[in-house]
Amino acid sequence: MRPSSLLIPVLIAAFLALSACSGGGGADRAPEPGDRAVAEVQGKTIWASDVKREAVAQGLVGEGEPLDVTSDLFRRVLDEVIDQKLLAREAERRGLDNSALAQRR
Numbered sequence: 202m203r204p205s206s207l208l209i210p211v212l213i214a215a216f217l218a219l220s221a222c223s224g225g226g227g228a229d230r231a232p233e234p235g236d237r238a239v240a241e242v243q244g245k246t247i248w249a250s251d252v253k254r255e256a257v258a259q260g261l262v263g264e265g266e267p268l269d270v271t272s273d274l275f276r277r278v279l280d281e282v283i284d285q286k287l288l289a290r291e292a293e294r295r296g297l298d299n300s301a302l303a304q305r306r
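In the numbering used here, the protein residues as written are 202 to 306.
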C-alpha cells in the first residue's frame, strides 16, 4: 500500500475519533469554571478541560484526578488533541466525513 493511500483511512479514523470523543468541545462551548485556554487550532479554542477529558478517555488519569497543565503528560495529550483536530479538519476539507466508509463506521 502506498503511503498516500494510507492517508485517507487515517484521516477518516481521526475524524471519527474526534467526532465521537469531542463532545462538542472547543470554541463551541463555554469553558468550565476555572478553565483556561491552552491552544487554538484554526480559530477553535482548546481548553484545559478538553485535554483532561481526552486523558480520562484514554485511561491516563482518573475522572477525579488533577492533571497539571505543566506536566509532560498534559503536553503529550494536548499534542494528540491538536493532531486530532487538524486531521479531522483535513478529513472534512476532503469530504471524507461524507464518504460511505465513514458513514459505515
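Glycine residues also receive a C-beta, built at the ideal position from the N, C-alpha and C atoms.
Only residues of its own chain outside the window of five on either side were considered, and among them 247, 248, 249, 252, 270, 279 have a CB closer than 7 angstroms to the CB of residue 239, listed in chain order. Listed as beta-bridge partners of residue 241 by DSSP are 246. The residue among 258, 232, 242, 301 with its C-alpha nearest the C-alpha of residue 291 is 242.
DSSP places residue 288 inside the alpha helix (DSSP H), whose first and last residues are 273–294.
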